[in-house]
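Below is one structure, written out as structure tokens, with a few remarks after it.
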Amino acid sequence: MPTLDFTPAVGDHAFTPQQSELLALAHALGRDRFAARAAQWDEEASFPFANYEDLRAAGLLGLCVPRSHGGLGADYATYTMVAAEIGRFCGATALTYNMHICSTLWTGVLADGIAMTEAQRAEHNRRRDLHFARVVKDGAVYAQPFSEGSAAAAGRAPFGTTARKVEGGWLVNGRKIFASLSGAADYYGILCTEDKGDEKPDARDTLYLAVPATSEGLSISGDWNPLGMRGTVSRNLGFKDVFVSDDEQLMPRGIYFKGAQTWPAMFFTLSPTYLGIANAAYDFTVQYLRGEVPGEPPVKRRMYPTKQIAVAQMRIQLEQLKSLFLRVVLEARPDPSKDERMRLYAAHYSVMEGANDIARLAIRTCGGQSMMKHLPLERLYRDSRCGALMLPWTAELVLDRMGRETLYEQGEKD
Ligand SMILES: Cc1cc2nc3c(=O)[nH]c(=O)nc-3n(C[C@H](O)[C@H](O)[C@H](O)COP(=O)(O)OP(=O)(O)OC[C@H]3O[C@@H](n4cnc5c(N)ncnc54)[C@H](O)[C@@H]3O)c2cc1C
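The opening residue of the sequence shown carries number 1 in this note's numbering; numbering runs sequentially from there.
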């Protein structure tokens, strides 16, 4: 087993040989390539194309594509470990990488754990062959635009974007907001509702379709000048009678809805990015207080008891995040128990709010000079604020779910 000469963002653990190798790869890419470029994407609010070239060259676009299809065959937990390591060096790269990887993870390992009929399984296997080949052979990048500015992305209403069955495929109409990788992806893996004529739209009829970026009727619009995660370039997508062939179905009809119920851990995959950011804020603080930040005067601030206490508090919080994180990614499975589900929510909430809290403490502890734009801390602080806003598990909605699901068993009402 390769020995790691660093502590991974997820903490130390008895990693498998594959996990150690992938962590070493992600760490080296992040440290040697992504870290120095991160300020540029942030300043320009531009997409990290150069990082994607590196991910492609390293085979990491196919991280979760099964080995039988030419990918690296990483499982759920391994993906989250690699993603956290990338997030430590560039939040926007890790977050967009998540959108891409999920299109292979959900259709791969996760779909294997969703109940399907034999016919559905055969259809799914046939279609994902095509989609995996695009990633592995052509280096294709997938985005995951679900949000619409309605209750749909929160899982509380059917998606307003619709797909109507036509000869050989689907006709898509609607609009998505916050489409990370807009203008950079080769395929947009959208969630939409099957339009069955005059019937009432139903979330059970959610379709998961890959819309090729070159499709006629697909448009990208809107400004992108946000507080943080600026390199994600998450603009709006419009669909006007976009024809999508049958082969672009990423899951058989009705399976996405079942999948979301079977695999709550599928929504936890936004967390690793922010665990990476929490590590980065902590690492910077230690370096800064020791007077070891490259290019900065070697001023030590570590002798002040208040700094020592603050760093201890940050470490305690980080250890809590890492422990909870590792526990839930290692136990993730279809149809988790109630305790496992609650722990997943608790871990997601802790990471999303905790990352911002650690970044806040980092700035307070390091002081005024540390928040200058030439240093990474102020970017980490801004990026860390975004995690808790992401649907379907925003910090608010996690509290909402935990409270309700604790006090009400399934089917109970007042
Ligand atoms: C950097 C970044 C990148 C993103 N990338 C993507 C992407 O690639 N794909 C994608 O699909 N989305 C993406 N999103 C969007 C994200 O998942 C949310 O959809 C978006 O942040 C919601 O913003 P909103 O203002 O429209 O939320 P609103 O829907 O206005 O909700 C505001 C808040 O109210 C609460 N809320 C919402 N609905 C309910 C409800 N039914 N009941 C109770 N409370 C509710 C939530 O806490 C929510 O945060 C991205 C967001 C960010 C910040």
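Virtual Cβ for every residue (Gly too), placed ideally from N, Cα, C.
Less than 7 Å between the CB of residue i and some heavy atom of ligand 1, yes or no?
i: residue 389; result: yes
i: residue 149; result: yes
i: residue 145; result: yes
i: residue 199; result: no
i: residue 386; result: yes
i: residue 180; result: yes
i: residue 462; result: Absent from the structure is residue 462, since the part of the chain shown begins at 1 and ends at 414.
i: residue 221; result: no
i: residue 232; result: yes
i: residue 229; result: yes
i: residue 207; result: no
i: residue 397; result: yes
i: residue 186; result: no
i: residue 95; result: yes
i: residue 42; result: no
i: residue 99; result: yes
i: residue 365; result: no
i: residue 394; result: yes
i: residue 112; result: no
i: residue 153; result: yes
i: residue 400; result: yes
Any idea which residues DSSP pairs residue i with across the strands?
i: residue 239; result: 174, 218
i: residue 192; result: 207
i: residue 187; result: 142, 212
i: residue 19; result: DSSP lists no partner for residue 19.
i: residue 249; result: 209
i: residue 293; result: According to DSSP, which records beta bridges pairwise, residue 293 is partnered with nothing at all.
i: residue 179; result: 235
i: residue 244; result: 170
Under a three-way DSSP split, which group does residue i fall into?
i: residue 316; result: helix
i: residue 386; result: coil
i: residue 142; result: strand
i: residue 259; result: helix
i: residue 333; result: coil
i: residue 370; result: helix
i: residue 162; result: strand
i: residue 65; result: coil
i: residue 115; result: coil
i: residue 30; result: helix
i: residue 299; result: coil
i: residue 10; result: coil
i: residue 169; result: strand
i: residue 233; result: coil
i: residue 77; result: helix
Alpha carbon to alpha carbon, what distance is there between residue j and residue i?
i: residue 352; j: residue 199; result: 39 Å
i: residue 165; j: residue 196; result: 8 Å
i: residue 265; j: residue 259; result: 10 Å
i: residue 184; j: residue 211; result: 13 Å
i: residue 277; j: residue 327; result: 19 Å
i: residue 252; j: residue 345; result: 28 Å
i: residue 205; j: residue 161; result: 12 Å
i: residue 235; j: residue 94; result: 18 Å
i: residue 389; j: residue 395; result: 7 Å
i: residue 340; j: residue 26; result: 28 Å
i: residue 21; j: residue 5; result: 12 Å
i: residue 34; j: residue 261; result: 35 Å
i: residue 156; j: residue 186; result: 29 Å
i: residue 101; j: residue 313; result: 33 Å
i: residue 255; j: residue 209; result: 12 Å
i: residue 136; j: residue 72; result: 10 Å
i: residue 408; j: residue 315; result: 36 Å
i: residue 280; j: residue 375; result: 12 Å
i: residue 358; j: residue 128; result: 40 Å
i: residue 361; j: residue 303; result: 18 Å
i: residue 240; j: residue 146; result: 17 Å
- [ ] Indicate whether the contact test is met: 3 or more Cβ pairs, each with one atom in the region 88-98 and one in the region 18-37, closer than 8 Å.
- [x] Yes: at least three Cβ pairs fall under 8 Å.
Task: Cβ contact (3+ pairs, closer than 8 Å) linking the region 212-231 and the region 350-369 - done: These segments do not touch.
Open item on the list: Assess contact between the region 240-250 and the region 164-179, defined as three or more Cβ pairs (one per stretch) separated by less than 8 Å. Is contact present?
Closed with: The answer is yes - the region 164-179 touches the region 240-250, with three or more Cβ pairs under 8 Å.
Task: contact_flag[the region 128-148, the region 369-382] where n(CB pairs < 8 Å) is 3 or more - done: Judged by Cβ distances under 8 Å, the region 128-148 makes no contact with the region 369-382, as fewer than three pairs qualify.
- [ ] Inspect the CB distances between the region 235-246 and the region 103-114 and report whether three or more fall short of 8 Å.
- [x] By the Cβ test, the region 235-246 is not in contact with the region 103-114, since fewer than three Cβ pairs between them sit closer than 8 Å.
Task: Cβ contact check for the region 62-71 and the region 216-234: 3 or more pairs under 8 Å - done: Counting Cβ pairs under 8 Å, fewer than three are found: no touch.
- [ ] Count the C-beta pairs between the region 289-305 and the region 324-342 that are closer than 8 Å, then say yes if the count reaches three, no if not.
- [x] The region 289-305 vs the region 324-342: no contact.
Open item on the list: Tell me whether the region 316-327 and the region 7-17 touch, counting them as touching only if at least three CB pairs, one residue from each stretch, are closer than 8 Å.
Closed with: Below 8 Å, enough C-beta pairs join the region 316-327 and the region 7-17 to call them touching: three or more.
Task: Validate contact between the region 114-130 and the region 305-316 using beta carbons, cut 8 Å, 3 pairs - done: Remark: fewer than three beta-carbon pairs, one from each stretch, lie closer than 8 Å, so the region 114-130 and the region 305-316 are not flagged as touching.
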